[in-house]
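In the working numbering, the protein residues as written are 30 to 347.
Don't be surprised by glycine CBs; every beta carbon is placed ideally from N, CA and C.
The model shown is predicted, which means the values in this text are computed figures rather than measured ones.
Below is one structure, written out as structure tokens; comments come after it.
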């Protein structure tokens, strides 16, 4: 009888010891957010355009360090009413060529519900005395990039921001804007580089890309997030693994919690869901979740509180 009492006493002691250890375990509990604005995240991390100034009567080469250059011919600019431009002009140039930069600048790659594999994106804005300019009729700029090898499937797409949440891309007629393989002398580093050249008849957002597949996709992928995560404070992206392509999930679901989806995706592609939230008092939440795209895919994700620098480091590694 005494032996049984000893065993019972030992068992109770072990249970008390284990319960004491469990109190020290740090169990992550999802935050219930009440505010936050994801636009503040993009304002904090977006790339800074390069600034240039020159006389519009002269041809000018705008370096894009590490990627290529943009050549603006002499007397190629006009005001919005078509009048020729003379004198000094100022340009802002931004180049994006990887998935991390695409997310930081909220510049996903899709056109007409089809995923684009990007070979490079350039934003070029030219002003005079603060007023936006355009290319004169019949004029073109030459965009020369070494961000990818030439592919005959390359197409030119023009972009325009839509409702502040995403970039809308539309294919430009290839007869008006041919893309060709080119070895060019890069003025910014003094070296000859292999790449491609685009002839574009407009300024603004320009992307060289090819369609990720030959037909629209059929799969729909969704992410379900905890209470408090919303379209106001959260951005959810799908970054493809094997190609330079990113798409932002835009279609809200209706099932109690915050559910965000994206349809017309190619089935079978591997990627990662990237969830970024700007929460209360400037706090940030982040998550990465590997997935294989398939029909009716829904993933539950609980983003964790992190430093902004941690998000930047993760995006640089995409």
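Looking only at 87, 124, 140, 92, the smallest Cα-Cα distance to residue 118 is reached by 87. Minimum Cα-Cα distance from residue 133 among the listed residues 287, 109, 305 corresponds to 305.
Under a 10 Å Cβ-count criterion, residue 196 is classified as buried, with 16 or more other Cβ atoms of the shown protein chains found around its own Cβ.
The bridge partners DSSP lists for residue 117 are 84.
In terms of CA proximity to residue 248, 320 leads the group 311, 179, 320, 239.
Between residue 185 and residue 99, the gap from beta carbon to beta carbon reaches 7 Å or more. CA-to-CA, the gap between residue 261 and residue 138 works out to about 22 Å.
By the criterion of a C-beta distance shorter than 6 Å, residue 329 is surrounded in its chain by 253, once the five residues flanking it on both sides are discounted. The beta-bridge partner set that DSSP reports for residue 335 consists of 313. For residue 248, the three-state secondary structure derived from DSSP is strand. Counting the other Cβ atoms within 10 Å of the Cβ of residue 299 gives fewer than 16, which makes it exposed. Rounded to whole angstroms, residue 166 and residue 217 show a C-alpha spacing of 29 Å.
One thing to note: residue 250 has its Cβ within 7 Å of the Cβ of residue 326. For residue 301, the enclosing beta strand (DSSP E) starts and ends at 299-307. The C-beta separation of residue 297 from residue 174 comes to about 29 Å, leaving the pair out of contact by the 8 Å criterion. Residue burial is scored here from C-beta neighbours: residue 224 has at least 16 other C-beta atoms within 10 angstroms and is therefore classed as buried.
If you draw a 10 Å sphere on the C-beta of residue 324, you find fewer than 16 other C-beta atoms in it, and that means exposed. Excluding residues up to 5 positions away in sequence, 248, 250, 294, 295, 296, 297, 298, 300 lie with their Cβ nearer than 7 Å to the Cβ of residue 322 in the same chain. Taken through DSSP and simplified to helix, strand or coil, residue 64 comes out as coil.
About 5 Å separates the beta carbon of residue 151 from that of residue 124, a gap short enough to meet the 8 Å contact definition. Pairing residue 187 with residue 172 gives a Cβ-Cβ distance that is not under 7 Å.
Taking C-beta atoms as the reference points, residue 81 and residue 120 count as a pair closer than 7 Å. Taken through DSSP and simplified to helix, strand or coil, residue 326 comes out as strand.
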